[in-house]
Amino acid sequence: MRDISLHILDISENSIRAGSSLVRIDMNIDKAKDELAIVIEDNGSGMSKEMLERVKSPFTTSRTTRKVGLGIPLFVASCENTGGRLNIDSEPGKGTKLTARLKFAHIDRPPLGDIAETIATLTILNPAIDFAFTARYDEAFEYDTRQLKATLGDVPITNPDVMVFIREYLQEGIKQVFGGNEI
Amino acid sequence: MKSLQELEAIRNKTLSQIDIRKKSEGTRIVVGMATCGIAAGARPVLTALVEEVAKRNLSDVTVSQTGCIGACRLEPMVEVYTPGKDKVTYVKVSPDMVGRIVAEHIVNGNPVTEYTIGYHEENTK
Numbered sequence: 010m011r012d013i014s015l016h017i018l019d020i021s022e023n024s025i026r027a028g029s030s031l032v033r034i035d036m037n038i039d040k041a042k043d044e045l046a047i048v049i050e051d052n053g054s055g056m057s058k059e060m061l062e063r064v065k066s067p068f069t070t071s072r073t074t075r076k077v078g079l080g081i082p083l084f085v086a087s088c089e090n091t092g093g094r095l096n097i098d099s100e101p102g103k104g105t106k107l108t109a110r111l112k113f114a115h116i117d118r119p120p121l122g123d124i125a126e127t128i129a130t131l132t133i134l135n136p137a138i139d140f141a142f143t144a145r146y147d148e149a150f151e152y153d154t155r156q157l158k159a160t161l162g163d164v165p166i167t168n169p170d171v172m173v174f175i176r177e178y179l180q181e182g183i184k185q186v187f188g189g190n191e192i
Numbered sequence: 130m131k132s133l134q135e136l137e138a139i140r141n142k143t144l145s146q147i148d149i150r151k152k153s154e155g156t157r158i159v160v161g162m163a164t165c166g167i168a169a170g171a172r173p174v175l176t177a178l179v180e181e182v183a184k185r186n187l188s189d190v191t192v193s194q195t196g197c198i199g200a201c202r203l204e205p206m207v208e209v210y211t212p213g214k215d216k217v218t219y220v221k222v223s224p225d226m227v228g229r230i231v232a233e234h235i236v237n238g239n240p241v242t243e244y245t246i247g248y249h250e251e252n253t254k
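Taken in order, these protein sequences are the chains called A and B. When we follow this note's numbering, the leftmost residue of the first sequence carries the number 10, and every step to the right adds one. When we follow this note's numbering, the leftmost residue of the second sequence carries the number 130, and every step to the right adds one.
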């Protein structure tokens with residue numbers, strides 16, 4: 010994976026496939042701790058203890074078509090390359106919470122990438138699922154599809170004009186917090 | 130700065146335009162969005178497809194995602210399902226190929242042969 014935004018998209022796909030109705034994504038840069046923390050939390054089907062123990066192995070997948078799954082192992086590698094780590098908590102029937110911590114100033118930390126595009130893609134492709142996204146650096150930006158849908162009423166979130174709005178809204182908000190995609 | 134008031138304005142504008150006709154069986158465009166697809170660049174392809182479909186106002190065309198299609202080396206892959214016709218699979222799709230796929234295939238019904246999996250397999254032996 011080239012950047013953090015693609016990891017987030019990839020991991021969120023797991024939440025979607027676990028039947029979640031709400032996926033929370035938090036990104037927090039803490040300069041004092043030199044840490045970039047990403048939390049992806051869902052209310053999907055969760056995992057058993059046995060699955061949770063095996064889930065960081067590339068030879069674990071929920072798919073039946075073949076025996077490898079690389080999404081989580083690739084994100085683990087991105088974290089550990091910076092001296093960080095990745096934790097997953099999960100409970101069957103309750104949901105899963107993944108926490109990734111990376112050393113922010115480490116030379117091997119992948120760039121953030123286009124976070125706005127990731128959140129917009131998730132929103133538009135999964136109109137039935139709600140996404141709550143928060144970006145925090147010095148300021149905070151909050152995005153919640155429940156709020157958007159309440160404003161929209163009968164107009165679908167996949168309406169072309171709405172999609173353009175969502176993309177620009179996210180781009181502006183995220184740029185205000187992180188200052189751009191290049192960090 | 131964009132605000133939710135702006136969204137409210139879009140809503141009011143759109144509400145007057147929505148036609149309440151029944152959803153017809155239209156073309157489905159599906160992008161492989163598993164780890165392999167995302168790593169190979171599926172996200173910009175999907176964005177380009179959604180934008181192109183919106184730009185042309187193709188209201189009976191849906192763009193959606195699927196998991197791993199099974200040929201990771203050929204990602205990003207895009208499948209087009211048109212009712213009553215065979216499925217067409219495009220391989221190694223980049224955003225600049227999207228314009229032709231939508232114009233020639235989705236709008237005019239002629240698949241772009243040289244982007245398809247069949248053509249790729251024939252010509253890369």
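From the three backbone atoms N, C-alpha and C, an ideal C-beta is built for every residue, glycine too. Only a predicted model underlies this, so the values are computations on that prediction, with no experimental measurement involved.
Query                                                                                                                                                                                        : Result
So Leu61 (chain A) and Ile97 (chain A) are supposed to be a Cβ contact under 8 Å. How far apart are they, rounded?                                                                           : 6 Å
Using a C-beta cutoff of 8 Å, does Leu133 (chain B) count as contacting chain C?                                                                                                             : Absent from the structure: chain C. Protein chains present are A and B.
Using a Cβ-Cβ cut-off of 6 Å (strictly less than) and excluding sequence neighbours within five positions of Val159 (chain B), which residues of its own chain qualify?                      : Ser193, Thr195 and Glu208
With respect to the beta strand (DSSP E) encompassing Arg94 (chain A), which residues constitute its N-terminal and C-terminal limits?                                                       : Arg94 to Glu100
Which residues, in order along the segment 176 to 192 of chain B, keep a beta-carbon less than 7 Å from a beta-carbon of chain A?                                                            : Thr176, Val179 and Ala183
Report yes or no: do the segment 44 to 52 of chain A and the segment 106 to 124 of chain A share at least 3 C-beta pairs separated by less than 8 Å?                                         : yes
Could one say the Cβ of Arg150 (chain B) lies closer than 8 Å to chain A's Cβ atoms, at least one of them?                                                                                   : In this predicted model, Arg150 (chain B) has a pLDDT of only 49, less than 50, meaning its place in the structure is not dependable; the value taken from the coordinates is given anyway. No, Arg150 (chain B) lies away from the interface with chain A (no Cβ there is under 8 Å from its Cβ).
Give the straight-line distance between the Cα atoms of Thr160 (chain A) and His249 (chain B), rounded to the nearest whole angstrom.                                                        : 46 Å
For Ser87 (chain A), which residues from the same chain have a beta carbon less than 6 Å from its beta carbon, with the 5 sequence-adjacent residues on both sides left out?                 : Pro119
So, with DSSP's three-state summary, where would you put Ala144 (chain A)?                                                                                                                   : strand
Check whether the segment 26 to 43 of chain A touches the segment 141 to 154 of chain A, counting contact only when three or more Cβ pairs, one atom from each stretch, lie closer than 8 Å. : yes
Apart from the five residues just before and just after Pro173 (chain B), which ones in its own chain have a Cβ nearer than 6 Å to its Cβ?                                                   : Pro224
Short of 9 Å Cβ to Cβ, which residues in the segment 162 to 175 of chain A face chain B?                                                                                                     : Gly162, Asp163, Val164, Pro165, Thr167, Asn168, Pro169, Asp170, Val171, Met172, Val173, Phe174 and Ile175
For the beta strand (DSSP E) containing Leu203 (chain B), list its first residue and its last residue.                                                                                       : Careful: Leu203 (chain B) lies outside any beta strand (DSSP E) and carries neither H nor E.
Given a limit of 9 Å on CB to CB distance, which residues of the segment 26 to 59 of chain A reach chain B?                                                                                  : Arg26
Measuring CA to CA, which of B:Thr156, B:Ala163 and B:Asn239 is closest to Lys178 (chain B)?                                                                                                 : For the record, residue 178 (chain B) in the displayed sequence is Leu; it is not Lys. Out of B:Thr156, B:Ala163 and B:Asn239, B:Thr156 has the C-alpha closest to the C-alpha of Leu178 (chain B).
Suppose only complete runs of 4+ residues qualify. What are the alpha helix (DSSP H) ranges in the segment 111 to 142 of chain A, listed by chain order?                                     : 124 to 134
DSSP three-state call for Ser21 (chain A): helix, strand or coil?                                                                                                                            : helix
Let me see if you follow: with CB-CB separation under 8 Å, is Asp19 (chain A) close to chain B or not?                                                                                       : yes
From which residue to which residue does the beta strand (DSSP E) around Glu50 (chain A) run?                                                                                                : Glu44 to Asp51
I want to know whether the segment 52 to 61 of chain A touches the segment 121 to 135 of chain A - three or more CB-CB distances under 8 Å.                                                  : no
Residues of the segment 88 to 118 of chain A with a CB closer than 9 Å to any CB of chain B: list them in chain order, please.                                                               : none
What does the alpha-carbon distance come out to for the pair Ile139 (chain B) and His16 (chain A)?                                                                                           : 32 Å
What are the residues that DSSP puts in a beta bridge with Glu181 (chain A)?                                                                                                                 : Partner(s): none; Glu181 (chain A) has no beta bridge.
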